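Residues 4 to 227 in this note's numbering are what the sequence shown spells out, letter by letter. Okay, structure first, notes after.
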Amino acid sequence: MHAQDSPPSKKIRTNKRMYIGMVIPFYRNNTDHTTETKGSFAFNLGFKKTYKLFGAGIETGLEYLNQGLSFRSYYFAPGYSKLYDKKFPFTHTLRMNEFQLPILLKQSLGKENRRKATSYFTFGWAWRYILYSNTSIESINDGIQVYDGKTKITFEYPFPWSRFGSLLQGGLGLQFNNLQTQSALFFEANFKLAISRFHYTGKNNSNDLYIKDSNLSINVGYKF
């Protein structure tokens, strides 16, 4: 007797996505110690891989985010007494660079290999790491810049180390499919909400602020 051939193994279908987008950041600061908190220009770019499982998909990858904000607050140099007079005489301009590792559930609303246009939604969690951050501190009264350089950003509830945090995110997308090549152009909007506030210390602990952040990103990308 001839041995029967083993049935072909079922491979998990995958695809890759690259994207870039504009980010609209939102910040919630302590109004007892700050005023005029404003987000500044921000952008993201990333790469994800989607694994098709049971009619849905699991997305994971790596994303880079560059964001910033400015606000008026105090600046307490070492050795000086602290006076909270509500005048907020210094402008702080903070810029942060971070990596994010998302783990998302992706559900398409339609067959991507049969329809020229399909929509989808995503929901999940992301791990974030503050790669580098710098701040500029300037006196409002005389315009003197008292500091311009690196500042340490940590998280109120780190996971698992001080510069690591996490966030929840969800999104909606519209995809235009090439049925012959199975590639696609897509547009998506994602909202991210930080689980833990980040801790801003200015220059050498001149400040002690916990800031809540979230953002809305509008991305364009290519699936292949």
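Beta carbons are placed, not taken as given, at the ideal position from N, Cα and C, and that holds for glycine. Since the model is a prediction, treat every value here as computed from it, not as a measurement.
I'd like to know whether the C-beta atoms of isoleucine 221 and glycine 24 end up nearer to each other than 7 Å. Start at 1 with the first residue of the sequence shown, and residue 221 comes out as number 218. Start at 1 with the first residue of the sequence shown, and residue 24 comes out as number 21. Yes, they are a contact pair.
For a minimum of 4 consecutive residues, which ranges assigned as the alpha helix (DSSP H) are wholly contained in the segment 57–140? Those alpha helix (DSSP H) runs which fall completely within the segment 57–140 and span 4+ residues do not exist here.
Which residues in the same chain have their Cβ closer than 7 Å to the Cβ of tryptophan 128, if we skip the five residues on either side of it in sequence? On the sequence shown, position 125 is the one that residue 128 refers to. Ile106, Ser169 and Leu171.
Let me make sure I understand the geometry here. Which of Ala197, Gly82 and Ser73 has the alpha-carbon closest to that of phenylalanine 167? Mapped onto the sequence shown, residue 167 falls at position 164. Of all alpha-carbon atoms in Ala197, Gly82 and Ser73, the one lying nearest the alpha-carbon of phenylalanine 167 is that of Ala197.
Does DSSP put serine 220 in a helix, a strand or coil? On the sequence shown, residue 220 is found 217 positions in, with the first residue counted as 1. The three-state reading of DSSP puts serine 220 in strand, counting E and B together.
First and last residue of the uninterrupted beta strand (DSSP E) at glycine 205: The residue given as residue 205 occupies position 202 in the sequence shown. According to the DSSP assignment, glycine 205 belongs to no beta strand (DSSP E), since it is labelled neither H nor E.
Just to confirm, are serine 111 and threonine 121 a CB contact at a threshold of 7 Å? Here residue 111 is taken as the residue at index 108 of the sequence shown, counted from 1. Here residue 121 is taken as the residue at index 118 of the sequence shown, counted from 1. Yes, the Cβ-Cβ distance between serine 111 and threonine 121 is below 7 Å.
Unbroken beta strand (DSSP E) run spanning serine 169, endpoints: One-based indexing of the sequence shown puts residue 169 at position 166. From DSSP, the beta strand (DSSP E) with serine 169 extends over 167–180.
Which same chain residues, not among the five before or five after threonine 96, have their C-beta less than 6 Å away from its C-beta? Working through the sequence shown from its first residue, we reach residue 96 at position 93. These residues qualify, in order along the chain: Ser73 and Ser139.
Closest to arginine 98 by CA distance: which of Gly205, Tyr225, Gly224 and Lys226 is it? Residue 98 sits at position 95 when you count from the first residue of the sequence shown. It is Gly205 whose Cα lies nearest to the Cα of arginine 98.
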